[in-house]
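Only one structure is covered here, and it is reproduced in the block below.
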Amino acid sequence: MQSLPLLLFSGLGWPEILIILLIVLLLFGAKRIPEIARSLGQGMKEFKKGIKEIGHDLEEEEGKKRGSSRSTESQEKAKKEKSLPREEA
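See below:
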């Protein structure tokens, strides 16, 4: 699977990319481009961190549900075993 940046620029050639970069340079200036790139990078980092945290939380919830259903099943099994008449040897 291709990454998102490659999919976005798959139809563009080098001349088009250079023109876009020149327009960005003219709009924002050479001093602001590193600041913008840095803030975009930090935003992406925080977004990925949030996605990972959500994934961990979902896994924990799923584990708790599995654990509680297993304990319920074992409790029911124990009740059934107690209610059965015992055979004495």
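Each residue of the sequence shown is one higher than the one before, starting from 47 at the first, in this note's numbering. We put the beta carbon where it would ideally sit given N, CA and C, even for glycine.
Coarse secondary structure for residue i, derived from DSSP in three states
i	result
residue 101	helix
residue 77	coil
residue 85	helix
residue 138	The first residue shown for the chain is 47 and the last is 135, placing residue 138 beyond what the model contains.
Separation of residue j from residue i, as counted between CA atoms
i	j	result
residue 106	residue 99	11 Å
residue 47	residue 56	Low local confidence applies: a pLDDT of 46 at residue 47 is under 50, so the model's placement there is unreliable, and no value is given.
residue 66	residue 88	23 Å
8 Å Cβ cutoff met for residue i and residue j
i	j	result
residue 93	residue 82	no
residue 79	residue 71	yes
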